[in-house]
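Enquirer:
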Amino acid sequence: MIAQNLKEEVYNCIKCGICLTPCPVYKQRLMEVASPRGKVQLIRNIIEGKLDLSANFMDILFTCLLCETCTVNCPSGLQVDNLMKGMRAEVIEKFGLPGKKKFLFELLTGQRLLPFYLFWGRILRNSLLPLLPGKGRVGTIPYQRLPRLSRQTFLEKVPEVISVPQRRGRVLYFTGCATNYLDEGIGEATIETLVRLGIEVVIPRKQMCCGLPVFLAGAKKMALNNIQRNIALFNRQDVEAVIVECATCGSALKKEYPHLLREMGENTEGAEALREKVVDVSQYLLRLDFKELLRPLPGRVTYHDPCHLARSQGVKDEPRDLLKQIPALEFAEMAGADVCCGGGGSFQWEHPDIAEGITAKKIESIEKTEANFVATGCPGCRLQIFGNLKKDGIKVMHPIQLIARSLKNLPPPSF
Amino acid sequence: MLSKDILKEFEAIVGKDRIRTSKEDLLSYAYDAYVEEYIPEAVLFPKSAPEVSQIMKVASKNRIFVTPRGAGSGLAACGLAKQGGVVLCFTMMNRILEISKPNRYAIVEPGVVVSEFQQEVEKIGLFYPPDPGSAAVATMGGTVAMNAGGMRGIKYGVTRDYLLGLEAVLPSGEIIQTGSLTTKDVTGYDLTRLLCGSEGTLAVVTRITVRLLPKPKAKRTLQAIYNSIDQAGNTVAKIVEEGIIPATLELMDKTIIKALEDYAHLGLPLDAEAVLVLEVDGDPEAVEKQAGLVADFCRGQGARDVHLSQSEKESEQLWMARRAAFGAVARMRPTCMIEDATVPVSFLAQAIKEVLAIAQRNQVQIAVLAHAGDGNLHPLILCDLRDKEEMKRVEKAMDEIVDLAMSMGGVLSGEHGIGIAKAKYLSRQLSPQALALMRTIKKTLDPQGILNPGSFLECAQ
């Protein structure tokens with residue numbers, strides 16, 4: 098049953114409603130059950146035995162992006178997202194995971210199945226994708242804009258230790274699934290940049306999915322093995338930092354691991370020690386002064402704040418400061434840069450009708466800046482934004498890719 | 003109980019998506035920001051006056067109770083289905099229909115959120131002054147029904163002062179227009195202002211025309227910091243007496259200061275007994291001059307320090323925190339009962355002193371917040387609803403606060419409304435004749451008593 102501290106938490110909601118207007122989902126639906134206050138009050142009713150864990154309640158609970166906007170805005174300091182996550186686990190205990198999610202999570206948490214599916218995935222999925230009807234979509238994203246699986250995983254491709262001649266530092270690199278399976282370009286940019294700046298990079302090959310998509314969906318127990326394996330691999334004394342370039346993985350390692358383990362009654366020592374070392378790549382790079390190495394990269398960039406970076410980790414300025422250092426690259430702040438893009442992991446294919454409106458606003462803000470690049474450090478956001486851009490000629494990238502480009506003095510990418 | 007046939011009739015009016023009857027939906031419309039809860043039997047989300055009209059026709063034919071509601075940020079259960087029936091929720095009827103710069107008015111639907119409307123008009127150099135603490139949540143319709151006040155009352159007045167006209171649906175389903183587009187209009191009884199503040203008991207407002215002002219060119223925020231709450235209260239009375247008119251004049255005691263600091267981390271003075279937060283607005287030179295005057299004046303009244311905001315961002319953060327005060331104090335205790343008694347401003351300092359004495363006498367925790375310039379006290383009573391014994395003491399303290407306000411020639415509620423929260427005190431302020439007249443008005447507009455039943459008039463003793 099739901100943790101005692103969370104049970105007490107619902108009584109701190111004074112029902113003021115401050116969470117309504119900023120909630121992207123409420124803004125689309127304009128019904129109380131879509132709002133954080135509505136969900137918190139339903140949870141209270143469940144705790145008080147006035148409402149059953151119903152299928153409808155489950156639906157309501159999962160109609161949430163977990164973007165944490167309510168948590169950071171709540172005057173009463175309610176940890177709304179923790180309450181939602183705790184309750185999701187309760188609901189999954191009763192109803193089980195929906196089929197598609199169960200299959201995906203088994204892949205991400207298992208070890209034997211994954212290579213098999215990757216093999217066939219590459220052959221079938223990558224070759225079949227272009228054959229799918231042009232207008233078909235997964236949620237809001239057209240088939241043609243879905244990412245392809247890499248030929249080889251990034252972890253198989255790169256050596257476990259990349260040494261540098263004159264070492265200024267030594268870091269561990271947690272690559273995350275997106276870089277590992279889908280977009281090796283981001284991994285390459287990260288390594289190139291770090292190495293160029295004299296940082297030795299160690300990439301533990303046995304690292305696993307951070308588990309966040311799994312436990313946010315309520316499947317805490319499935320994720321436990323991943324969490325413990327990653328802590329064992331990354332909680333090391335001989336490095337100065339653990340670098341993460343994925344907002345979601347960073348939020349898992351920095352915020353969720355200690356919290357989850359505590360909730361599950363597991364030892365949290367390793368997680369607490371690890372959290373101290375985890376930094377987003379933008380935070381780490383900003384510590385190294387390398388402005389004079391950057392070469393002009395003409396164009397205009399705008400930056401989108403991933404929920405898991407801006408709110409979960411409180412990292413907002415660093416990626417901007419970094420981008421602003423690139424000569425000739427004009428920085429244009431978009432309106433509502435820290436508003437969720439509507440992706441929300443699996444949210445956008447479970448609730449395309451709601452995601453559509455949220456994403457449309459984001460796209461409008463981006464296009465209004467007339468930027469050539471949208472930079473954002475979250476694979477989910479990049480997919481959602483790229484999948485819904487109307488105008489051509491806007492490149493969706495990770496900030497580290499622009500830094501790497503500027504360091505290499507490469508011409509801007511052609512569109 | 004609503005029959006299946008009636009629900010079908012409603013569904014035929016608004017469509018399947020805009021009628022809700024699941025247990026989860028109904029529970030989520032059982033509350034507002036007050037403590038009592040009442041579960042409705044259905045929730046409808048109308049999008050037009052004709053829809054509301056049809057709904058009311060079905061309701062009056064079948065004598066079904068209907069309670070209009072906005073975003074549910076109210077503090078007196080006015081938007082709750084206190085005797086069951088249907089909740090008419092206006093959040094989906096939320097278009098800004100017109101903003102006229104040449105004539106300085108705007109026409110909006112009731113579901114528009116107040117702060118979003120303010121931002122829209124400010125984009126073109128106009129200004130909608132009514133500014134309840136809940137502006138970021140509350141709907142225009144809700145603020146009209148409650149005649150919401152807020153932080154700019156001292157200089158700019160309240161919602162009522164900005165209404166030009168309304169479109170409303172009577173309980174019978176007839177649609178009426180009140181008022182006009184002009185600031186001057188003496189044609190007939192002022193029905194606009196009758197409906198405003200009627201707490202949704204007379205008619206359902208479906209369209210609102212408001213008067214706008216030019217946006218002040220500059221503003222400046224000051225914090226005057228005091229070692230005694232007495233001195234802060236006295237300063238307020240003196241400011242008013244001197245004829246200085248700030249746009250806002252808020253008082254907060256040390257408990258509020260701590261709650262806001264825990265929430266917003268603004269560097270508020272945690273060792274102070276009270277802080278006055280003031281805003282002056284107008285032309286840039288006048289604002290600078292007035293800010294200096296006010297600062298000197300506060301120092302003269304015993305402020306130990308006066309801090310002028312150095313940037314718009316700093317001011318905004320401070321006001322944002324102030325708006326969140328109601329929620330922020332919930333960090334201390336699970337329940338917060340917010341009092342709203344209002345006294346003539348010269349009695350403010352004394353009223354605060356006595357409120358604190360009431361707290362001590364009844365052993366309840368009270369934090370004092372006030373729209374001080376209006377004499378509008380907001381004692382926040384911190385408690386836990388689940389502790390029955392404590393709630394008895396809370397109730398006694400609230401009774402005594404009402405006695406206090408009445409003894410000073412004040413009012414039961416400055417802006418939060420009577421609803422069920424203060425209905426039992428109604429006869430303390432209103433004469434039997436006035437109450438009887440109000441009942442006659444109610445009967446004339448709503449002979450069957452189907453609109454927002456269980457409201458203040460019925461509950462009044």
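Those sequence lines, one after another, are chains A and F. Quick note on my numbering: the first sequence kicks off at 98 and runs consecutively. Quick note on my numbering: the second sequence kicks off at 3 and runs consecutively. For every residue, glycine included, the Cβ atom is placed at its ideal position computed from N, Cα and C. A quick note: this is a predicted structure, and the numbers were derived from the prediction, not measured.
On the DSSP bridge list, what partners appear for residue 338 of chain F?
Expert: One-based indexing of the second sequence puts residue 338 of chain F at position 336. DSSP output for residue 338 of chain F lists F:384 as bridge partner(s).
Enquirer: Over what stretch of residues does the beta strand (DSSP E) that includes residue 31 of chain F continue unbroken?
Expert: The count along the second sequence starts at 1 and reaches residue 31 of chain F at position 29. That residue, residue 31 of chain F, is in no beta strand (DSSP E); it is neither H nor E in DSSP.
Enquirer: Between which two residues does the beta strand (DSSP E) holding residue 43 of chain F run?
Expert: Counted from its first residue, the second sequence places residue 43 of chain F at position 41. Taken as a continuous stretch (DSSP letters only), residue 43 of chain F belongs to no beta strand (DSSP E), as it is neither H nor E.
Enquirer: What residue range is occupied by the uninterrupted alpha helix (DSSP H) comprising residue 126 of chain A?
Expert: Mapped onto the first sequence, residue 126 of chain A falls at position 29. 121-126 is the span of the alpha helix (DSSP H), which, as asked, contains residue 126 of chain A.
Enquirer: State whether the segment 169-183 of chain F contacts the segment 49-69 of chain F, with contact taken as three or more CB pairs (one from each stretch) at a distance under 8 Å.
Expert: Yes, they touch.
Enquirer: Which runs of the alpha helix (DSSP H), 4 residues or longer, sit entirely within the segment 271-312 of chain F?
Expert: Runs of the alpha helix (DSSP H) inside the segment 271-312 of chain F: 286-302.
Enquirer: What does the Cβ neighbour count give for residue 200 of chain A, buried or exposed, with the cut at 16 atoms within 10 Å?
Expert: Translated into the one-based positions of the first sequence, residue 200 of chain A becomes position 103. Result: exposed.
Enquirer: Which residue comes first and which comes last in the beta strand (DSSP E) that contains residue 178 of chain A?
Expert: In the first sequence, counting from the first residue as 1, residue 178 of chain A sits at position 81. From DSSP, residue 178 of chain A is part of no beta strand (DSSP E) but of the alpha helix (DSSP H) over 177-192.
Enquirer: Can you tell me the Cα-Cα spacing of residue 215 of chain A and residue 242 of chain A, whole angstroms?
Expert: Your numbering for residue 215 of chain A matches position 118 in the first sequence. Your numbering for residue 242 of chain A matches position 145 in the first sequence. Each residue's alpha carbon lies about 19 Å from the other.
Enquirer: May I have the straight-line CA-CA distance separating residue 367 of chain F from residue 390 of chain F, to the nearest angstrom?
Expert: The residue given as residue 367 of chain F occupies position 365 in the second sequence. The residue given as residue 390 of chain F occupies position 388 in the second sequence. Their backbone Cα atoms lie some 15 Å apart in a straight line.
Enquirer: One question on the structure: do residue 466 of chain A and residue 431 of chain A come within less than 8 Å of each other, judged by their Cβ atoms?
Expert: Numbered from its first residue, the first sequence carries residue 466 of chain A at position 369. Numbered from its first residue, the first sequence carries residue 431 of chain A at position 334. Against a cut-off of 8 Å, the Cβ pair of residue 431 of chain A and residue 466 of chain A comes out as a contact.
Enquirer: Which one of F:108, F:138, F:62 and F:199 has the shortest CA to CA distance from residue 87 of chain F?
Expert: As a working mapping, residue 87 of chain F is identified with position 85 in the second sequence. The candidate whose alpha carbon is nearest that of residue 87 of chain F is F:62.
Enquirer: Around the C-beta of residue 248 of chain A, are 16 or more other C-beta atoms found within 10 angstroms, so that it is buried, or is it exposed?
Expert: In the first sequence, residue 248 of chain A corresponds to position 151, counting from 1. Classification of residue 248 of chain A: exposed, given that the 10 Å Cβ count is below 16.
Enquirer: Just verifying my parser: in three-state terms, what is the DSSP assignment at residue 268 of chain A?
Expert: Here residue 268 of chain A is taken as the residue at index 171 of the first sequence, counted from 1. In this structure, residue 268 of chain A counts as strand in the three-state DSSP scheme.
Enquirer: In chain A, which residues lie with their C-beta within 8 Å of the C-beta of residue 329 of chain F?
Expert: The residue labelled residue 329 of chain F in the question sits at position 327 within the second sequence. In chain order: 111, 113, 115, 171, 172 and 173.
Enquirer: Output the distance between the C-alpha atoms of residue 38 of chain F and residue 28 of chain F, rounded to the nearest integer angstrom.
Expert: Taking the second sequence and counting its residues from 1, the one referred to as residue 38 of chain F is at position 36. Taking the second sequence and counting its residues from 1, the one referred to as residue 28 of chain F is at position 26. One C-alpha to the other measures close to 15 Å.
Enquirer: Note down, in chain order, every chain A residue with its Cβ under 9 Å from the Cβ of residue 50 of chain F.
Expert: Indexing the second sequence from 1 puts residue 50 of chain F at position 48. Within 9 Å Cβ-Cβ: nothing; residue 50 of chain F doesn't reach chain A, min ~15 Å.
Enquirer: Taking Cβ to Cβ, would you say residue 206 of chain A is nearer than 8 Å to residue 311 of chain A?
Expert: Here residue 206 of chain A refers to the residue found at position 109 when the first sequence is read from its first residue. Here residue 311 of chain A refers to the residue found at position 214 when the first sequence is read from its first residue. In contact: residue 206 of chain A and residue 311 of chain A (Cβ atoms closer than 8 Å).
Enquirer: Looking only at C-alpha atoms, which of A:405, A:379 and A:423 sits nearest to residue 397 of chain A?
Expert: Here residue 397 of chain A corresponds to residue number 300 of the first sequence, with the count starting at 1. Cα-wise, what sits closest to residue 397 of chain A is A:423.
Enquirer: Which partner residues does residue 179 of chain F have in the DSSP bridge list?
Expert: Here residue 179 of chain F refers to the residue found at position 177 when the second sequence is read from its first residue. Beta-bridge pairing links residue 179 of chain F to F:169.
Enquirer: Establish whether the CB of residue 228 of chain F and some CB of chain A are separated by less than 8 Å.
Expert: Counting from 1 along the second sequence, the entry for residue 228 of chain F is found at position 226. Chain A, which has no Cβ nearer than 8 Å to the Cβ of residue 228 of chain F, makes this no.
Enquirer: Quick one: Cα of residue 16 of chain F to Cα of residue 57 of chain F, how far?
Expert: If you number the second sequence from 1, residue 16 of chain F lands on position 14. If you number the second sequence from 1, residue 57 of chain F lands on position 55. About 9 Å.
Enquirer: Beta-carbon within less than 7 Å of residue 320 of chain F's beta-carbon, same chain only, minus the 5 sequence neighbours each way: which residues are those?
Expert: Position 318 of the second sequence, counted from the first residue, corresponds to residue 320 of chain F. Same-chain partners within the cutoff: 223, 268, 279 and 311.
Enquirer: Taking the runs of the alpha helix (DSSP H) that are 4 residues or longer, which of them lie wholly in the segment 447-484 of chain A?
Expert: Counting only runs of 4 or more, we get 449-465.
Enquirer: Helix, strand or coil: how does DSSP classify residue 96 of chain F here?
Expert: In the second sequence, counting from the first residue as 1, residue 96 of chain F sits at position 94. In the structure shown, residue 96 of chain F sits in coil (DSSP, three-state: anything other than H, G, I, E or B).
Enquirer: Excluding the five sequence neighbours on either side, which residues of its own chain have a C-beta within less than 8 Å of the C-beta of residue 53 of chain A, listed in chain order?
Expert: In this structure chain A extends from 98 to 512, so residue 53 of chain A is not present and cannot be described.
Enquirer: With a CB to CB cut of under 8 Å and the five nearest residues on each side skipped, what residues in its chain are close to residue 13 of chain F?
Expert: As a position in the second sequence, residue 13 of chain F is number 11, starting the count at 1. Taken in chain order, the residues that qualify are 21.
Enquirer: Can you list the residues of chain A that residue 206 of chain F reaches, using a CB-CB cut of under 9 Å?
Expert: One-based indexing of the second sequence puts residue 206 of chain F at position 204. The premise fails here: residue 206 of chain F is roughly 18 Å from chain A at the closest Cβ pair, so nothing lies under 9 Å.
Enquirer: Determine, using beta carbons only, whether residue 171 of chain A and residue 120 of chain A come nearer to each other than 8 Å.
Expert: Counted from its first residue, the first sequence places residue 171 of chain A at position 74. Counted from its first residue, the first sequence places residue 120 of chain A at position 23. Contact: no.
Enquirer: So, for residue 512 of chain A: in the same chain, excluding its five sequence neighbours on each side, which residues have a beta-carbon less than 6 Å away from its beta-carbon?
Expert: As a working note, residue 512 of chain A is residue 415 in the first sequence. Confidence at residue 512 of chain A is low in this model, with a pLDDT of 42, below 50, so its placement is unreliable and no value can be given for it.
Enquirer: Please confirm whether residue 29 of chain F has its beta-carbon closer than 8 Å to some beta-carbon of chain A.
Expert: In the second sequence, residue 29 of chain F corresponds to position 27, counting from 1. For residue 29 of chain F, the answer is yes, since a Cβ of chain A falls inside 8 Å of its Cβ.
Enquirer: Where residue 422 of chain F and residue 79 of chain F are concerned, what is the direct C-alpha to C-alpha distance, given to the nearest angstrom?
Expert: Position 420 of the second sequence holds residue 422 of chain F. Position 77 of the second sequence holds residue 79 of chain F. When rounded, the distance between both Cα atoms is 6 Å.
Enquirer: By the DSSP assignment, the alpha helix (DSSP H) with residue 58 of chain F in it spans what residues?
Expert: In the second sequence, counting from the first residue as 1, residue 58 of chain F sits at position 56. Unbroken alpha helix (DSSP H) run through residue 58 of chain F: 51-64.
Enquirer: Kindly give me the distance between the Cβ atoms of residue 331 of chain F and residue 305 of chain F, rounded to whole angstroms, as I take these residues to be in contact under 8 Å.
Expert: Position 329 of the second sequence, counted from the first residue, corresponds to residue 331 of chain F. Position 303 of the second sequence, counted from the first residue, corresponds to residue 305 of chain F. Their Cβ separation, rounded to whole angstroms, is 24 Å, which puts residue 331 of chain F and residue 305 of chain F out of contact at 8 Å.
Enquirer: Quick check on residue 33 of chain F - is its C-beta less than 8 Å from some C-beta in chain A?
Expert: Within the second sequence, the letter at position 31 stands for residue 33 of chain F. So, interface residue.
Enquirer: Below 6 Å CB to CB, which residues in the same chain sit around residue 83 of chain F once its five sequence neighbours on both sides are set aside?
Expert: One-based indexing of the second sequence puts residue 83 of chain F at position 81. Only 40, 42, 69 and 89 meet the Cβ criterion.
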